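Here the structure comes first, spelled out in structure tokens, and everything after it is commentary.
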Amino acid sequence: MSEQNTKVAEPRIDAPADHTTKANPLQNFLSGPAGRSLGLVIALALLFVVGAATSGDRFLNLENLLTILRYASIIGVISIGVTFVITAGGIDLSVGSVMGLTTVVATLASVQLAATQSSWILIVLVALAVGVGAGLINGLVIAYGNVVAFIATLAMLVGARGLAELISGRSTQIVSNRDFLRVMRSELLGVPLLIWIFVIVAIAGWFLLNRTTFGRRTIAIGGNLEASRLAGIKVKRHLVSLYVLAGLAAGIAGIMMLGRTTAGTSTHGLLYELDAIAAVVVGGTLLIGGRGTIVGTVLGVLIFSTLTNVFTQNNLDTSVQALAKGLIIVVAVLLQQRFAARGPRKIKS
Amino acid sequence: MFEEDQPRPLLEVRGLTKRFAGVQALKGVDLQVLPGEVHCVMGQNGAGKSTLIKTLSGVHQPDSGEIRWEGKEISLPRPTAALDLGIATMYQELDVVDGLSVAENIFLGHERATGGVLHVKKANAIARTLLKRLGHGSLSPSTEVGTLSAANKQIVSMARALSRDTKLIIMDEPSAILDSGEVSNLFRVVRELTAQGIAVVYISHRLEEIRQIGDRISVIKDGRSTANGLSVTDTPKSELIRLMTGREVANVFPERKPIPADAPVVLDVDNLELFGHFEKVSFTVRAGETLGFAGLVGSKRSEILETIYGARKASSGRVSVNGKVLRPGSVTSAVNAGIGLSPEERKSQGLILDEPVFKNVTLSTFERFARAGHLNEEAERDAAREQIAALELRPSDPDRPARTLSGGNQQKILLARWLVHGTPVLLLDEPTRGVDVGARSEIYALIRRLAAAGTAMIVVSSEIEEVLGLADKVLVIDDGKVLTQTKASDIDEHGVLDLVMKGSAA
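Going line by line, the protein sequences match chains A and B.
Numbering-wise (the numbering used here), the first sequence opens with residue 1033 and increments by one.
Numbering-wise (the numbering used here), the second sequence opens with residue 35 and increments by one.
This is the structure we're talking about:
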């Protein structure tokens, strides 16, 4: 007998005001967006307690907190792009290698095109263009070529990495543009630019997802693609723009990476796609689409970067760290499902 | 309007044809809808109603024929084109997004926004007005739609239609998911809409309903119009059935055969109880006997069925099959003992839609056709073919994906699965939901055949007439309580309703 038949039928069509008959208010709160974020905040606080307990002042000082944020910033920007794609029910595996490609192309462009005169803006524009271009290809192949997103972006993951290796000849290119490095290393109010970029991207992402028609339609497509189409949303076009957005985020992350490492190489961003997906899912965005949270993604990224920091401070093996990451992902998703079961139900198959 | 004998039609469709890969879905459909009328469109499953709706809402493009809107010829290349003209469609599958709020669903695709930035408060305020206009002012615009009942989701769908400047609303079987109280509310809303001059194209299987709400009827059969704009009051039911089926339906329910007196008790349910749902249900079903559950939607009929099947864990009481007591809350135990369930939600709970018919037929028996773990698809196909021929499944190709079959034929696949399995006990939850009149009588005949083969069955249906027509014995249930247990021949529809009304008054 198939497991399908064991599912209990949907609740009958009962009283008209059935939304009021849900469990107690505490459960309602915990299964709501605020409650989910609260859980993440508690997890983050626990990590801080552990960090403070094991490393004391070495952990709890401003410099170290900025280190955690700086570490979080690049993967954070990528994760915000990926949040949109996943909210719409898609997936983008290519963001890490696209970011690598943007660093390679941008450094080469600045080296080859009149190295000394070229403005730092050129590096920025080239990186963004490469990211957007890769995202556009992803989007077109997925939306108009009807290729499953997993496969299309897997192809981009492999292809972009290969292209980056070809262009760079597998060698690391150093950024020679001093203006660029100066801008990227600047600080505002004692906070490095990298962190500011992360903050700005996060706020812009939150606004875009929660306060604009673009975000609303993204959630709708992830929740019910057919209904969105019938409501008059241009679904294909929207899907393309989502992958472009993810590519754009990868381009921004590429610029940040160049600023931090001063070098472009094809190995930048290795496995970043998995870190990003992990942060997004731990944050509470549904992998099947229909619900997305930027706040959750930011918290997810912070949890992972704090975890890394705590482990590094205690000189623990990276393998242990990977194991802990894996556990966090599973536990977070299990907890989410517990609460989600009390939340909205899917009527459709 | 008064200068003419008849008002100018709002929508006029002539000679519409549409062909999908290999199937001629529409072969020439005509339709004339007047402003402010309720125009019913009838037809069996597979007659082409869905294709017609989707053509009128801009989802499909017709191959030929013309569509006129307020006298002008139009084309509808995409859903927004129809919506912009004022044609809104409420689909049967309830096309709402569960994760969004009521207001967000209402304005989906035409959000209240400036430069892409949403006006949440304004949208909520307009949504509240719309819901009030539909008599559902109590529904909060910020509620997540996924938490609403099907009836309220339908209200959201309707509010969405009204949120645009809509002149015509197409409703695809709106009553299929509603109980009688909700249906009367639906009718009230429809009457209010038409009073405001909005035309409604109302698609339904239920003849009685059409008589209550409709002004005129058009009938489609096999992709072709067989009647256009008949008056509801002047057209007898038999005539409509003839137009839909091309034959006269005389006796819908096949005659019962008496159960042999020595037939053994197969299913024994003893004081079964599920707290919060139903209390102390006891009955027995003998081989070849059919037991019916009669009651309204919400009477917990399905819950009892699911508890017997082990999909819900009983609080107390026991179920035994041929004397063997089942483990509570274990579907495996129920299936091993020989209980089969044909679930209410065929599409989500019963069928693997993209798999071919034959694999669906052998889903619970394919191991029998395997040798050392190696599946023998040819043998499966043969077994399925046998059933296809016996059940007159159409189309008869065992390799067709189940999705492409009509509701009635999908139901036959489920029944075929249990016929192949040879299960001694079969639970049928709403076996004819979404199945048209013609295919219904075939399914009735099939149920009788299963009974004649000695299967003990329980039939649950929201149509009391159907329960009484199929069952030998009836349990009348209301709100989780068994009001009475009687021979089906000793009670009629009125009697059941009488009991249920008394029961809920008490």
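Ideal Cβ positions, reconstructed from N, Cα and C, are used throughout, including at glycine.
Model, not experiment: these values are computed from the prediction.
Indicate whether residue i and residue j have their beta-carbon atoms separated by less than 8 Å.
i: Ile477/B; j: Thr466/B; result: yes
i: Leu1189/A; j: Ser1126/A; result: yes
i: Val355/B; j: Gly372/B; result: yes
i: Ala1236/A; j: Asp1124/A; result: no
i: Leu1339/A; j: Ala1356/A; result: yes
i: Asp206/B; j: Gly120/B; result: no
i: Ala1234/A; j: Val1330/A; result: yes
i: Leu60/B; j: Gly82/B; result: yes
i: Ala233/B; j: Leu264/B; result: no
i: Gly461/B; j: Leu339/B; result: Checking the sequence, you will find Leu at residue 461/B rather than Gly. Yes.
i: Gln188/B; j: Pro208/B; result: yes
i: Gly1254/A; j: Gly1321/A; result: yes
i: Asp506/B; j: Glu323/B; result: yes
i: Ala348/B; j: Leu397/B; result: no
i: Val391/B; j: Arg434/B; result: yes
i: Leu45/B; j: Val75/B; result: no
i: Ile1100/A; j: Asn1341/A; result: yes
i: Val224/B; j: Val179/B; result: no
i: Ser197/B; j: Phe141/B; result: yes
i: Leu152/B; j: Arg1248/A; result: yes
i: Val353/B; j: Val303/B; result: yes
i: Leu1072/A; j: Ala1084/A; result: no
i: Val508/B; j: Gly326/B; result: yes
i: Val131/B; j: Ala1181/A; result: no
i: Asn1256/A; j: Asp129/B; result: yes
i: Gly1194/A; j: His1300/A; result: no
Check each candidate in the options and name the one with the smallest Cα separation from residue i.
i: Ser1111/A; options: Arg1323/A, Ile1320/A, Ala1356/A, Ala1282/A; result: Ala1282/A
i: Leu1318/A; options: Thr1350/A, Thr1115/A, Val1333/A, Leu1241/A; result: Thr1115/A
i: Gly62/B; options: Ser98/B, Arg276/B, Val154/B, Leu212/B; result: Ser98/B
i: Asp513/B; options: Ala328/B, Pro41/B, Gly263/B; result: Ala328/B
i: Gln58/B; options: Glu414/B, Leu448/B, Gly257/B, Ala486/B; result: Gly257/B
i: Phe1362/A; options: Gly1088/A, Gly1286/A, Arg1323/A, Ala1311/A; result: First, the residue type needs correcting, since residue 1362/A is Val and not Phe in the sequence shown. Among Gly1088/A, Gly1286/A, Arg1323/A, Ala1311/A, the Cα nearest to that of Val1362/A belongs to Ala1311/A.
i: Ala1138/A; options: Arg1249/A, Val1158/A, Met1131/A; result: Val1158/A
i: Phe309/B; options: Thr341/B, Phe287/B, Ala115/B, Met278/B; result: Thr341/B
i: Gly105/B; options: Gly351/B, His455/B, Pro43/B, Ser259/B; result: Pro43/B
i: Leu1306/A; options: Gly1222/A, Val1162/A, Asn1170/A, Thr1185/A; result: Thr1185/A
i: Pro432/B; options: Leu449/B, Glu412/B, Gln445/B; result: Glu412/B
i: Ala1075/A; options: Ala1354/A, Leu1348/A, Thr1350/A, Gly1328/A; result: Gly1328/A
i: Leu425/B; options: Glu414/B, Thr438/B, Gln444/B; result: Gln444/B
i: Thr260/B; options: Ala522/B, Thr114/B, Val530/B, Gly49/B; result: Gly49/B
i: Tyr1275/A; options: Gly1122/A, Trp1238/A, Tyr1103/A, Leu1094/A; result: Gly1122/A
i: Thr1244/A; options: Ala115/B, Ala157/B, Ala116/B; result: Ala157/B
Under 8 Å by Cβ, that's how I've got residue i and residue j pegged, so tell me the actual separation to the nearest angstrom.
i: Val1215/A; j: Trp1152/A; result: 6 Å
i: Lys255/B; j: Gly442/B; result: Not a contact, Cβ separation roughly 15 Å.
i: Leu301/B; j: Val459/B; result: 5 Å
i: Asn186/B; j: Leu173/B; result: 6 Å
i: Met1288/A; j: Ile1229/A; result: 6 Å
i: Ala321/B; j: Ala295/B; result: That belief does not hold up - the Cβ atoms of Ala321/B and Ala295/B are roughly 12 Å apart, past 8 Å.
i: His73/B; j: Tyr236/B; result: 7 Å
i: Ile1227/A; j: Leu1098/A; result: 7 Å
i: Ala1120/A; j: Thr1250/A; result: 5 Å
i: Ala436/B; j: Leu385/B; result: 5 Å
i: Ile525/B; j: Leu517/B; result: About 11 Å separates the two Cβ atoms, so there is no contact after all.
i: Gln1368/A; j: Gly1316/A; result: 6 Å
i: Ile498/B; j: Glu464/B; result: No, Ile498/B and Glu464/B are not in contact; Cβ-Cβ is about 13 Å, not under 8 Å.
For the segment 67-124 of chain B, which segments carrying the beta strand (DSSP E) assignment without a break, of at least 3 residues, lie completely within its bounds, in sequence order?
72-76, 98-103, 106-108, 121-124
Check each residue of the segment 1246-1278 of chain A: if its Cβ is closer than 9 Å to any Cβ of chain B, include it; give the result in chain order.
Phe1246, Gly1247, Arg1248, Arg1249, Ile1251, Ala1252, Ile1253, Gly1254, Gly1255, Asn1256, Glu1258, Ala1259, Ser1260, Arg1261, Leu1262, Ala1263, Gly1264, Ile1265, Lys1266
Looking at chain A, which residues of the segment 104-118 of chain B have a Cβ within less than 7 Å of any of its Cβ atoms?
Pro113, Thr114, Leu117
By the 7 Å beta-carbon criterion, what residues does the segment 146-158 of chain B contribute toward chain A?
Ala147, Gly150, Val151, Leu152
Using a Cβ-Cβ cut-off of less than 7 Å, give me the residues of the segment 1216-1247 of chain A that come near chain B, in sequence order.
Arg1243, Thr1244, Thr1245, Phe1246
Under 8 Å, CB to CB, which of the residues in the segment 119-130 of chain B have a partner in chain A?
Thr123, Tyr125, Glu127, Leu128, Asp129, Val130
For the segment 1066-1083 of chain A, which residues have a CB atom closer than 7 Å to at least one CB atom of chain B, in sequence order?
none
Alpha helix (DSSP H) segments (min. 4 residues) lying fully within the segment 122-177 of chain B
136-140, 154-167
Please name the residues in the segment 1316-1328 of chain A whose beta-carbon is closer than 7 Å to at least one beta-carbon of chain B, in chain order.
Gly1322, Arg1323
Give the list of continuous alpha helix (DSSP H) stretches no shorter than 4 residues that lie fully inside the segment 1075-1161 of chain A.
1094-1119, 1127-1144
Alpha helix (DSSP H) runs contained entirely in the segment 1171-1252 of chain A, provided each spans 4 or more residues
1181-1200, 1210-1216, 1225-1243
At a CB distance below 8 Å, what residues from the segment 85-98 of chain B approach chain A? Give them in sequence order.
Ser91, Val93
Ignoring anything shorter than 4 residues or poking outside the segment 248-294 of chain B, list the alpha helix (DSSP H) runs there in chain order.
271-279
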